[in-house]
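Written below as structure tokens is the structure these notes are about.
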Amino acid sequence: MAIHKAFTFFAVCDGTLQRMTPDPVDTAVVVIDPPHEVTVVRDATAGPRHPSRGDGYQAALVNFAYLAHAVRYTDEVIADMTVPTRGQQ
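Have a look at this one:
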């Protein structure tokens, strides 16, 4: 069975939102690297459900609480975003 890993991260660097798609091998480094503040958007993240192993999404939420600085909903993240206008920094 092949496992496909595709991760997309968005980071605010120098006041601008940038898309980062790291190599899956480096994903753990991106998540725990100290200069990055990590936010997991809980309603934009999926988890498996298995008949005998249970709800993987709930387990993922527990793990995210340990790995991320915040676990938030999409609406909360969008409400906090600001778009710089020309001439502002």
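Using this note's numbering, read the sequence shown as starting at 10 and increasing by one per residue. Every residue, glycine too, gets a C-beta built ideally from N, C-alpha and C. Since the model is a prediction, treat every value here as computed from it, not as a measurement.
For a test of the three-state rule: what should DSSP assign to residue i, helix, strand or coil?
i, result
"Val-39", "The predicted position of Val-39 is uncertain, since its pLDDT is 45 and thus under 50; no value can be drawn from it."
"Gly-63", "strand"
"Ala-47", "First, the residue type needs correcting, since residue 47 is Val and not Ala in the sequence shown. In the structure shown, Val-47 sits in coil (DSSP, three-state: anything other than H, G, I, E or B)."
"Ala-74", "helix"
Between the options, which has its C-alpha nearest residue i's C-alpha?
i, options, result
"Arg-58", "Tyr-66, Thr-91, Val-71", "Tyr-66"
"Gly-56", "Glu-46, Leu-70, Thr-48, Val-47", "Leu-70"
"Thr-54", "Ala-68, Asp-89, Met-90", "Ala-68"
By the 10 Å Cβ neighbour count, where 16 or more other Cβ atoms means buried, how is residue i classified, buried or exposed?
i, result
"Thr-48", "buried"
"Tyr-82", "exposed"
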